[in-house]
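Colleague:
In our numbering, the protein residues as written are 89 to 466.
Right, here's the structure in full:
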């Protein structure tokens with residue numbers, strides 16, 4: 089009797105691209121860690137990039153390294169004229185290393201210089217933006233924010249120090265932390281989502297959800313601040329591997345078109361996008377439930393976390409006017425990724441933005457007869 093071979097089951101390959109980077113987590117050792125990183129990179133002419141409000145901090149951190157100039161013209165969403173100015177400064181001072189000290193806008197400004205000069209970046213984050221761990225750049229011109237991916241803009245070294253976060257106001261700590269959480273959530277349905285990025289995102293949400301309420305209770309809790317940095321890094325790496333999902337597309341469009349506060353914008357929009365997508369994304373729901381230790385009602389657990397943190401709740405309070413919502417919906421619809429777990433039409437997007445603008449309680453949107461996309465299983 090001849091054995092019959094079992095049929096070969098062909099499955100789509102899992103592709104995960106990792107990005108080479110050295111990351112240092114410390115507490116109270118930032119000056120020494122930065123000096124060691126500069127030496128390791130072989131740099132002798134460092135251009136420091138820091139917003140004016142963080143210049144004193146940057147100068148203190150950089151006392152032991154060869155600084156040739158400080159660029160302070162940082163602005164949110166990196167306007168094209170800022171990108172041109174920082175590139176000119178790097179050329180004028182013959183810099184061989186860009187050192188960013190600050191939040192996501194500062195890191196983004198360094199990336200704008202690296203994009204065209206190829207100079208390496210050493211990043212010292214002072215918020216939970218996560219940009220320091222991604223190869224994603226963004227530039228804004230004429231009210232439109234362009235983003236892209238380029239290996240040149242990924243910082244070679246990141247120096248995290250939990251003590252740098254102790255002076256962050258509670259509101260900014262919360263909104264920046266929720267921005268980090270948004271990296272995790274969007275990674276579950278982004279275009280290149282995969283089991284590895286999804287697993288990183290679960291751990292990122294778990295760390296963030298555990299530690300954020302603790303710093304609301306005590307902003308000087310260094311251990312909690314350090315745990316948030318771990319969650320921030322995990323979320324950013326997950327996002328870098330999975331790409332930009334619907335949530336980030338909405339925020340990039342609104343931020344670029346209306347110059348809205350970046351972290352607060354993410355914190356307002358995220359639960360509305362989760363409410364829209366979650367019923368159509370069972371794997372994402374399972375991941376969120378595992379991260380928040382609530383498998384029956386993960387969306388409810390997310391809203392409970394929001395209730396603890398009390399972030400900004402409406403686009404109105406961020407400065408977006410109601411008359412702009414129709415145009416905003418049109419702008420977003422041009423950017424909806426094909427990977428989104430459910431089809432989104434213009435009316436649904438306008439309704440989502442309306443709820444976010446008013447500050448309505450986010451609601452779970454049921455799956456309709458239009459169906460879901462099956463490529464979210466991982």
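Virtual Cβ for every residue (Gly too), placed ideally from N, Cα, C. Bear in mind the structure is a predicted one, so any value in this text is a computation, not a measurement.
So, residue 189 versus residue 270, is the Cβ gap smaller than 9 Å?
Modeller: Not closer than 9 Å, so no.
Colleague: Within the same chain, show all residues whose beta-carbon is closer than 8 Å to that of residue 426, passing over the 5 residues directly before and after it, in chain order.
Modeller: Closer than 8 Å at the Cβ level, and outside the excluded window around residue 426, lie 279.
Colleague: Grab the span of the alpha helix (DSSP H) containing residue 213 for me, first residue to last.
Modeller: From DSSP, residue 213 is part of no alpha helix (DSSP H) but of the beta strand (DSSP E) over 209 to 213.
Colleague: Please name the residue, chosen from 328, 455, 234, that lies closest to residue 369 on a Cα-to-Cα basis.
Modeller: Closest option to residue 369, Cα to Cα, is 455.
Colleague: Is the stretch 305 to 316 in contact with the stretch 254 to 270, if contact means three or more CB pairs nearer than 8 Å?
Modeller: Because the criterion of three Cβ pairs below 8 Å is met, the stretch 305 to 316 and the stretch 254 to 270 touch.
Colleague: Specify whether the stretch 335 to 349 and the stretch 156 to 169 touch according to this definition: at least 3 beta carbon pairs, one from each stretch, less than 8 Å apart.
Modeller: Short answer: they touch.
Colleague: Tell me the DSSP secondary structure of residue 151 in three-state form.
Modeller: In this structure, residue 151 counts as coil in the three-state DSSP scheme.
Colleague: Helix, strand or coil, according to DSSP, for residue 251 in the structure here?
Modeller: Helix at residue 251.
Colleague: Which term fits residue 312, buried or exposed, when burial requires 16 or more other beta carbons within 10 angstroms of its beta carbon?
Modeller: So residue 312 ends up on the buried side.
Colleague: May I have the straight-line CA-CA distance separating residue 399 from residue 272, to the nearest angstrom?
Modeller: Their Cα atoms are separated by approximately 18 Å.
Colleague: With a CB to CB cut of under 8 Å and the five nearest residues on each side skipped, what residues in its chain are close to residue 458?
Modeller: Low confidence applies here, because residue 458 scores a pLDDT of 49, under 50, leaving its location unreliable; read the following figure in that light. Around residue 458: 430, 431.
Colleague: Can you name, in chain order, every residue of its own chain whose Cβ lies under 8 Å from the Cβ of residue 443, other than the five neighbours on each side?
Modeller: The answer, listed in chain order, is 360, 450, 451.
Colleague: Return the CA-CA distance between residue 219 and residue 181, expressed in angstroms with no decimal places.
Modeller: Looking at the two C-alpha atoms, the distance is approximately 25 Å.
Colleague: By Cβ distance below 8 Å, which residues in the same chain neighbour residue 462 in space, the five residues on each side in sequence not counted?
Modeller: With a pLDDT of 41 at residue 462, under the threshold of 50, the modelled position of this residue cannot be trusted; read the value that follows with caution. The answer is none, since no qualifying residue turns up.
Colleague: Just grab the DSSP bridge partners of residue 229 for me.
Modeller: Its beta-bridge partners are 232.
Colleague: So, at 6 Å on beta carbons, what are the nonlocal neighbours of residue 447 in its own chain, with the 5 sequence-adjacent residues on each side left out?
Modeller: These residues qualify, in order along the chain: 401, 402.
Colleague: Classify residue 420 as buried or exposed, calling it buried when 16 or more other Cβ atoms lie within 10 Å of its own Cβ.
Modeller: Buried, by the Cβ-count rule.
Colleague: Leaving out five residues before and five after residue 133 in sequence, what residues of the same chain have Cβ atoms less than 8 Å from its Cβ?
Modeller: So the list reads 154, 156, 181, 182, 183, 184, 185, once near-sequence residues are dropped.
Colleague: How big is the Cα-Cα spacing for residue 302 and residue 248?
Modeller: Those two C-alpha atoms are separated by around 19 Å.
Colleague: Which stretch, first to last residue, makes up the beta strand (DSSP E) that contains residue 186?
Modeller: Where residue 186 is concerned, the enclosing beta strand (DSSP E) stretches over 185 to 190.
Colleague: Grab me the residues of residue 161's own chain with a C-beta within less than 6 Å of its C-beta, minus the 5 sequence neighbours each way, in chain order.
Modeller: Once the five neighbours on either side are set aside, the close Cβ partners of residue 161 are 170, 173.
Colleague: In chain order, what residues of the same chain lie with their CB nearer than 7 Å to the CB of residue 309, ignoring the 5 residues before and after it?
Modeller: Within the same chain, residue 309 has close Cβ partners 302, 303.
Colleague: Residue 445: buried (16+ other C-beta within 10 angstroms of its C-beta) or exposed?
Modeller: By the 10 Å Cβ count, residue 445 comes out buried.
Colleague: Can you name the start and end residues of the beta strand (DSSP E) that residue 110 belongs to?
Modeller: Segment 110 to 114, the beta strand (DSSP E) holding residue 110.
Colleague: If you compare alpha carbons, which of 115, 255, 200 is closest to residue 141?
Modeller: Considering only alpha carbons, the answer is 255.
Colleague: Let me know the secondary structure DSSP gives residue 157 once reduced to three states.
Modeller: Residue state, collapsed to three classes: strand.
Colleague: Is the beta carbon of residue 290 less than 9 Å from the beta carbon of residue 111?
Modeller: No, these two residues do not count as a Cβ contact at 9 Å.
Colleague: May I have the straight-line CA-CA distance separating residue 196 from residue 434, to the nearest angstrom?
Modeller: Residue 196 and residue 434: Cα-Cα distance of roughly 31 Å.
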